[in-house]
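As structure tokens, the structure follows; a few thoughts come after it.
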């Protein structure tokens, strides 16, 4: 799938998610595009997998492109960014979940930013 096809599919998923929930998150976009399986997402949320990037179908170049275009598209639509902290599901200690192998703050922030539709 080329970049234009990825972008078209992503925009469709973003619009669908926002009409359903009035917000959109990058993890939901990945799930909606089929780049991330529900079982894999749940494994990450329960702490069985150290970082989310490992589970995403496609290479890091595609993922980086999608992430940049996700932010660009949502800002063009005039939606408000909202940082969301992802915590481990289940009982006991609830550490913050990691999105990337590196764990760099700007990358983690980019993944965890949701966009809320203005009322």
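Residue numbers (full-length UniProt numbering): 1 to 119. Don't be surprised by glycine CBs; every beta carbon is placed ideally from N, CA and C. Every value quoted in this text rests on a predicted model; they were computed, and no experiment measured them.
Pairing residue 114 with residue 82 gives a Cβ-Cβ distance under 9 Å.
When rounded, the separation of the alpha-carbon atoms in residue 17 and residue 30 is 11 Å. Using a 10 angstroms sphere on the CB of residue 60, the tally of other CB atoms stays under 16, which defines it as exposed. CA-CA distance, residue 44 to residue 101, rounds to 13 Å. Per DSSP, residue 80 is one residue of the beta strand (DSSP E) stretching across 80–83.
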